[in-house]
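Participant: For what it's worth, the numbering used here labels the leading residue of the sequence shown as 124, then goes sequentially. Ideal placement from N, C-alpha and C gives every residue a C-beta, glycine not left out. Here's a structure for you.
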Amino acid sequence: MPARQPGDVTVVGAGLIGLFSAHYLLERGYDVTLLDAAGAGGGAARVNGGWVCPARSDPLPSWGVVRDGLRSLVRPDDGSFFLGARALPHVAGYLGRFVLSSGRRRFERSWDELDVLNRQTARLVDELVGAGIVVGLQDEGFLMLHPTRARAEASRAALLAVSRRGLSPAPERVLGREELLELEPGLGERARFGFVHRGDRWLDPSRLVDRLVESALSRGAHLVTQAPVRAVRQRGSRVELATPAGVRGAGRVVIAAGAWSERLLRPLGVRGYVTPGKGYSFTVRPEHPPRHVLRLGDTHIGVTPMGDRTRLVGLVELDGTREGVHAQRIALMRRQAAPYLTGIDWDASTDVAVGPRPMTPDGKPLIGCVPGAERIVVATGHNMLGLSLGAATGRLVADLVAHGAAAGVPAFDPMRFTRRRGW
Ligand SMILES: Cc1cc2nc3c(=O)[nH]c(=O)nc-3n(C[C@H](O)[C@H](O)[C@H](O)COP(=O)(O)OP(=O)(O)OC[C@H]3O[C@@H](n4cnc5c(N)ncnc54)[C@H](O)[C@@H]3O)c2cc1C
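As structure tokens, then:
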């Protein structure tokens, strides 16, 4: 495909996807401006778990999650996937399609499709390490912890299946409590069995955001903060962006506004059902800081070592909002995590935050050109995987800007929910 002459591109949203897109557009010689409603990394980018995990990048919709969501309506003080009853009218369209995507066959197919991006992740991240953009990448492995041997073996069997996809080495053997304590002396009494799984890596996402910004600015990009974009439309060979400061023009536009994207997409005729799924995050300072990422068995809570801090992340809350910490969710995370960890003053937790994950009904991102307005590229809906899939997405966005819709991947077609009425 012949590439177009590089011109100017405005990227709406300086979160992970916008920043990775800017990186690859700059590499191709485009003149890049980033506009962000808040500041760089103002959405979910800085508060996330920091996992770059191609081996763990399966789509969210599955019967287990559906069960968890229904249970949370009855028992709101338990589980990991929460539906706010009052938000149901706002999220019904998303939920209906989510349930339809949760069957085994759809799940497997979506996972195969996500692997198109997953398979590029390790190489692209290594290149970014070489370029000095990704710093502090850790690879000591993920330690999967369980209260019983049976659960540890079942979780290991699931990861063995993942390793057969060629995205990670096979998980190591299941260890008992004594061996686990040799690896991680700060484990609590519920961590009785576990095993190490290598292949996935992690970093401090806030540092990554800062490095991506520094690198983009040093190559001539412009970043405008406190600049919300209200609407985008193509007029002939230019694109107009409505902002509170007036209308701006651009040769091409990338919409990468994360969980805020839907309101920019709808007027363009794209119905993506991008829905905010709030995730919680806070910092603790354990007496024995972990060296591995810890997965706390039945809780869906992840624990990430980040220098002298340790970050806990977890939960998906669909309450129709993008912000607002509910104290009972933090209390629930502490209650669920406490039996797995010792030497933590939970009342001294800091950096309590939520981030809105841009959720899509089938767990796959929306990446592609807007039909009839090919100068506008959509790159959003990365669910729980925006960091893992960010580099591969950024490269695909640069391809779409350079070559148009023909460079798209059908599985990520932003029109897939719009076209199939009654999906
Ligand atoms: C607790 C938690 C843990 C997570 N852990 C991981 C993990 O370990 N690994 C992983 O891969 N993913 C993880 N994720 C998911 C990941 O953070 C998201 O998928 C990712 O941030 C999505 O990137 P994005 O650029 O689409 O959106 P965001 O990073 O949210 O960025 C969107 C940006 O757009 C801006 N914006 C919004 N509206 C406008 C507008 N109208 N005009 C201009 N700018 C606008 C916002 O201010 C924001 O800066 C986690 C998320 C959470 C919440």
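Identify the residues that DSSP records as bridge partners of His345: which are they?
Facilitator: According to DSSP, His345 bridges with Thr156.
Participant: Please report the straight-line C-alpha distance between Arg190 and Pro184, rounded to a whole angstrom.
Facilitator: Distance between the alpha carbons of Arg190 and Pro184 is about 11 angstroms.
Participant: Distance, Cα to Cα, Ile467 vs Ala354?
Facilitator: Distance between the alpha carbons of Ile467 and Ala354 is about 47 angstroms.
Participant: Is it the case that the Cβ atoms of Cys86 and Asp323 are separated by a distance below 9 angstroms?
Facilitator: Since the displayed the chain opens at 124 and closes at 546, residue 86 lies outside it and no answer follows.
Participant: Go through the stretch 392 to 440 residue by residue and report every complete run of the beta strand (DSSP E) that reaches 3 residues or more, in order.
Facilitator: For the stretch 392 to 440, whole beta strand (DSSP E) runs of length 3 or above, ordered along the chain, are 398 to 407, 416 to 419 and 425 to 429.
Participant: Do Leu388 and Val501 have their C-beta atoms closer together than 9 angstroms?
Facilitator: Yes, Cβ-Cβ distance for Leu388 and Val501 is below 9 angstroms.
Participant: Is it true that the CB of Asp159 sits closer than 9 angstroms to the CB of Gly136?
Facilitator: Yes, the Cβ-Cβ distance between Gly136 and Asp159 is below 9 angstroms.
Participant: Could you tell me the distance, in whole angstroms, from the CA atom of Arg242 to the CA atom of Leu290?
Facilitator: Approximately 7 angstroms between the Cα atoms of the pair.
Participant: How far does the beta strand (DSSP E) with Glu363 in it extend, from its first residue to its last?
Facilitator: Here the beta strand (DSSP E) through Glu363 covers Arg361 to Thr366.
Participant: DSSP beta-bridge partners for Leu489?
Facilitator: The partner list for Leu489 (beta bridge, DSSP) reads Thr503.
Participant: Spatial neighbours of Val252 within its chain, please: C-beta separation below 7 angstroms, excluding the five flanking residues on both sides.
Facilitator: Excluding positions up to five away in sequence, the list reads Leu260.
Participant: Buried or exposed: which applies to Leu523, given that a residue is buried once 16 or more other Cβ atoms fall within 10 Å of its Cβ?
Facilitator: Result: buried.
Participant: Roughly how many angstroms lie between the CA atoms of Arg358 and Gly495, to the nearest whole one?
Facilitator: Cα-Cα distance, rounded: 11 angstroms.
Participant: Any heavy atom of ligand 1 closer than 8 angstroms to the CB of Asp238?
Facilitator: Checking the Cβ of Asp238 against ligand 1 gives no.
Participant: Can you find a CB in chain C that lies within less than 9 angstroms of the CB of Gly527?
Facilitator: This model lacks chain C altogether, as it is built from one protein chain only.
Participant: Using three-state DSSP, classify Ile256 as helix, strand or coil.
Facilitator: Coil, per DSSP.
Participant: Among Glu250, Pro488, Gly402 and Arg480, which has the Cα closest to the Cα of Ala450?
Facilitator: Of the candidates Glu250, Pro488, Gly402 and Arg480, the one whose C-alpha sits nearest the C-alpha of Ala450 is Gly402.
Participant: Below 9 angstroms between beta carbons: does that hold for Met482 and Pro399?
Facilitator: Going by C-beta atoms, Met482 is nearer than 9 angstroms to Pro399.
Participant: Under the criterion of a Cβ to heavy atom distance below 8 angstroms, does Val114 qualify as lining ligand 1?
Facilitator: Since the first residue of the chain shown is 124 and the last is 546, residue 114 is not available in this structure.
Participant: Is Ala379 a contact residue of ligand 1, with contact defined as CB to any heavy atom under 8 angstroms?
Facilitator: For ligand 1, at least one heavy atom lies less than 8 angstroms from the Cβ of Ala379.
Participant: So which of Pro533, Pro537, Thr541 and Ala293 has the shortest CA-CA distance to Asp235?
Facilitator: When only C-alpha atoms are compared, the closest one is Pro533.
Participant: For Gly299 and Ala350, what's the separation of their Cα atoms in angstroms?
Facilitator: Using only the alpha carbons, I get a separation of about 53 angstroms.
Participant: Please work out which residues of its chain come closer than 8 angstroms, Cβ to Cβ, to Glu150, disregarding the five sequence neighbours upstream and downstream, and give them in chain order.
Facilitator: Answer for Glu150: Ala521, listed in chain order.
Participant: From the DSSP output, in three-state form, read off Val132 for me.
Facilitator: Strand at Val132.
Participant: From what residue to what residue does the beta strand (DSSP E) around Gln357 run?
Facilitator: Where Gln357 is concerned, the enclosing beta strand (DSSP E) stretches over Ala354 to Arg358.
Participant: Measure from the alpha carbon of Cys492 to the alpha carbon of each residue in Leu508, Ala514 and Ala528, then state which is nearest.
Facilitator: Cα-wise, what sits closest to Cys492 is Ala528.
Participant: Between His415 and ligand 1, is the CB less than 8 angstroms from at least one heavy atom?
Facilitator: Answer for His415: no, Cβ out of range of ligand 1.
Participant: Let me confirm a value: Glu385 is counted as buried when at least 16 other C-beta atoms fall within 10 Å, else exposed. Which label applies?
Facilitator: With 16 or more Cβ atoms within 10 Å of its Cβ, Glu385 is classed as buried.
Participant: Out of Phe221, Ala210, Ala245 and Asp238, state which residue places its alpha-carbon closest to the alpha-carbon of Trp186.
Facilitator: Per the Cα distances, Phe221.
Participant: State whether the stretch 457 to 477 contacts the stretch 416 to 425, with contact taken as three or more CB pairs (one from each stretch) at a distance under 8 angstroms.
Facilitator: As far as the Cβ criterion goes, the stretch 457 to 477 touches the stretch 416 to 425, which means the pair count is three or higher.
Participant: Tell me the rounded alpha-carbon separation between Pro129 and Thr156.
Facilitator: Distance between the alpha carbons of Pro129 and Thr156: 14 angstroms.
Participant: What did DSSP end up calling Leu183 once you bin it into helix, strand or coil?
Facilitator: Here Leu183 sits in coil by DSSP.
Participant: With distance defined between alpha-carbon atoms, name the residue in Gly381, Arg227, Gly374 and Val336 nearest to Ile140.
Facilitator: Closest by alpha carbon: Gly381.
Participant: Who are Pro269's beta bridge partners in DSSP?
Facilitator: According to the sequence displayed, residue 269 carries His and not Pro. Phe316, per the DSSP bridge assignment.
Participant: What is the rounded straight-line gap between the Cα of Glu410 and the Cα of Gly309?
Facilitator: Near 7 angstroms, if we compare the C-alpha coordinates of Gly309 and Glu410.
Participant: Give the DSSP-derived three-state secondary structure of Met482 in the structure shown.
Facilitator: Strand, per DSSP.
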